[in-house]
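See the structure below:
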């Protein structure tokens, strides 16, 4: 209950009009003994400038000094009515102002190139985080991009995406690259003719660069004498496989016409009305209606033949339902024919109804003669790069990349082939292995009688750094200077029926003189004896004098028992020693650190 009470206030000094104070209680007026007529008389007799209202309603706190000023556009008649009769409150004209006008809003970016995020609209900046669109508010006012308020959509997206299956393990086989024998023979002939020394590892890398220069040897790894893996070879195209199932599938796919012949015959079309069929979304193969009795068999068959590496559930999710009349009609036409397979190369005629029966017949009749398990197999270089067996192709590629970085295995095989052709090996500065016609042999021209030509060649090479064959010949037997005689051609009038004169021939290199020939003969002898080394880049050096071995301390002879017979000088002389020529084996010592 509420009421309005009045109180007379004495007129202050210097003020003629009286002042009255009214109290507003609650939401109801004109009750509790205050008559409407008395209150109306008081309100009409007191000017608005002399009215003071004290409000005790918590809904309208403060007091108002009633004046004629209507700047705020207040409706006094509406304010005197109770709350339920005041009607709908007017909208706040300042609601759109937040108090942060003029402050530059924060900008947050998602990290994507070219994307700019607009300022948040759910509240003032730094207000503790308003309600997120489609979710709960951020805890603690977390900013955009902060993951403290919960997981992001990208996190769930990664969980939904299935990870690809890891690759199958590589087969337990050894891979060796063998240089082609014809190519090695041509290299050996060139080394013998030129007499130059070539780095062995550089030759091995040149062979690995071209697949035509090597072949690949596959051998099964063994443990306790038992092969860990086998190689299955197809006799029709000499292709290797790591399993019998892969080899059988390869023969039936690529050599099917050799053993079987497909024949289509008309049959009764499927009964019923079909309005939709299932179709593979990746290959386009029509599987038929899902309620067909053969649908599951066709689904499993297509997955096994073309998408065996994909999980079956993922493959099944790619199958779509198609209501196209043309596709439905195409499936009905396919079902209106039956395919049978006639066996070839068999003593008695035989017809098989399905591919499953064909595979069973092939395994029972032709498998043992066409597919053979072996422990070692050699594949040519070019076919080795396009093997259809994925495991073998990855294994060969991995070993090839490893040997391109460090070709020690093929260099070892190459040294054996060069040694078979009579070439020798040595190391330069005890590091890099070279192949040449002879090993370095020091020639002491002071103690050994040699000709003047050989002495001059050795002395010139020792005195000239980075000596080459051209420098040597020009120094010991220079080419005589020949003044070219230029003939002045006579002017020829070219008329009808006459040919144009031929262009003058280019001057040919002068033939070597007798002195130059003698120098080249002596140099050829020195190179083949190992006294001079000519490297692949044309540099020439003489064989270095071997360092003197330190003398070993003589051991005192031990006293022998009386019954032991002393060895005779003849017996001592007959025993082989380490200094004999037989101990010098001409095999390369390849350093694994090269």
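Residue numbers (my numbering): 1 to 594.
Virtual Cβ for every residue (Gly too), placed ideally from N, Cα, C.
Pair within 9 Å by beta-carbon distance, residue i and residue j
i	j	result
residue 286	residue 321	no
residue 214	residue 207	yes
residue 243	residue 388	no
residue 457	residue 522	yes
residue 396	residue 175	yes
residue 251	residue 361	no
residue 415	residue 435	yes
residue 188	residue 423	yes
residue 236	residue 342	no
residue 290	residue 335	no
residue 516	residue 454	no
residue 299	residue 319	yes
Spatial distance of residue i from residue j (CA atoms)
i	j	result
residue 525	residue 513	19 Å
residue 141	residue 308	Note that residue 141 scores a pLDDT of 48, beneath 50, so its modelled location is shaky and nothing firm can be said.
residue 682	residue 413	Outside the displayed span of the chain (1 to 594) sits residue 682, for which this structure offers no information.
residue 364	residue 293	30 Å
residue 372	residue 394	22 Å
residue 432	residue 464	23 Å
residue 247	residue 273	42 Å
residue 261	residue 347	15 Å
residue 170	residue 180	26 Å
residue 196	residue 510	25 Å
residue 337	residue 331	11 Å
residue 277	residue 173	47 Å
residue 462	residue 386	53 Å
residue 609	residue 256	Residue coverage of the chain in this structure runs from 1 to 594, which leaves residue 609 outside it and unanswerable.
residue 229	residue 212	28 Å
residue 354	residue 254	18 Å
residue 519	residue 471	12 Å
residue 185	residue 549	39 Å
residue 200	residue 182	17 Å
residue 263	residue 339	6 Å
residue 368	residue 356	18 Å
Residue range of the beta strand (DSSP E) that includes residue i
i	result
residue 282	No beta strand (DSSP E) contains residue 282, which DSSP labels as neither H nor E.
residue 215	214-220
residue 341	337-343
residue 261	260-266
residue 424	424-428
residue 196	196-199
residue 391	Segment 390-405 is the alpha helix (DSSP H) holding residue 391; no beta strand (DSSP E) there.
residue 540	540-542
residue 316	Looking at the DSSP string, residue 316 is not in any beta strand (DSSP E); the run it does join, the alpha helix (DSSP H), is 312-317.
residue 533	532-535
residue 377	376-380
residue 252	First-last for residue 252: 244-254, but that is the alpha helix (DSSP H), not the beta strand (DSSP E).
residue 434	432-436
residue 176	173-179
residue 231	231-234
Same chain, Cβ closer than 7 Å to residue i, five either side skipped, listed in chain order
i	result
residue 530	438, 439, 440, 441, 543
residue 546	442
residue 168	391
residue 403	177, 208, 409, 410
residue 345	259
residue 325	none
residue 301	none
Where residue i falls, given that 16 or more other Cβ within 10 Å makes a residue buried
i	result
residue 425	buried
residue 282	exposed
residue 259	buried
residue 226	exposed
residue 190	exposed
residue 540	buried
residue 407	buried
residue 382	exposed
residue 317	exposed
residue 384	buried
residue 551	exposed
Residue range of the alpha helix (DSSP H) that includes residue i
i	result
residue 459	452-463
residue 307	Per DSSP, residue 307 belongs to no alpha helix (DSSP H) and is neither H nor E.
residue 412	408-420
Residues of its chain near residue i, where Cβ-Cβ distance is below 6 Å and the 5 sequence neighbours each way are ignored
i	result
residue 217	176, 178, 378
residue 375	220, 227
residue 136	Caution applies to residue 136, whose pLDDT of 46 falls short of 50 and renders its modelled position unreliable; the value that the coordinates give is listed next. Result list for residue 136: empty, nothing under 6 Å.
residue 359	none
residue 467	461, 540
residue 535	197
Other residues of its chain near residue i: CB distance less than 8 Å, five sequence neighbours each side excluded
i	result
residue 275	323, 328
residue 158	Note that residue 158 has pLDDT 49, beneath the 50 cutoff, so the model's placement of it is unreliable and the number below is only indicative. Excluding positions up to five away in sequence, the list is empty.
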